[in-house]
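In our numbering, the protein residues as written are 15 to 92. Ideal Cβ placement from N, Cα and C applies to all residues, glycine included. None of these values were measured; they are calculated from a predicted model.
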């Protein structure tokens, strides 16, 4: 059994996790610094949108990168 795909997925997961941490720190930090909400309802809505962005980032980086790593590992070394 060839393990190249699984090694690629593991490497992809690690890279995706690193990428998520870097992107979320920069983007979400910048969004929080530029928040101009004055009322509590506006602040709550802004935080809700940040949570949605965080979920999208998780799916795109931690979710897709291991799949891409698996495919690359199987294609190149499997």
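DSSP three-state assignment for residue i, whether helix, strand or coil
| i | result |
| --- | --- |
| residue 92 | coil |
Residue i classed as buried or exposed, judged by whether at least 16 other C-beta atoms fall within 10 angstroms
| i | result |
| --- | --- |
| residue 76 | buried |
| residue 89 | exposed |
| residue 43 | exposed |
| residue 55 | exposed |
Cβ-Cβ separation, residue j to residue i (assumed contact under 8 Å), whole Å
| i | j | result |
| --- | --- | --- |
| residue 92 | residue 16 | 5 Å |
| residue 87 | residue 28 | Actually they are not in contact, since the Cβ atoms of residue 87 and residue 28 sit about 13 Å apart, beyond 8 Å. |
| residue 68 | residue 38 | 6 Å |
| Ranges of the alpha helix (DSSP H) found wholly within the region 18-73, counting only runs of at least 4 | Fully enclosed alpha helix (DSSP H) runs of 4 or longer: 18-47, 54-72.
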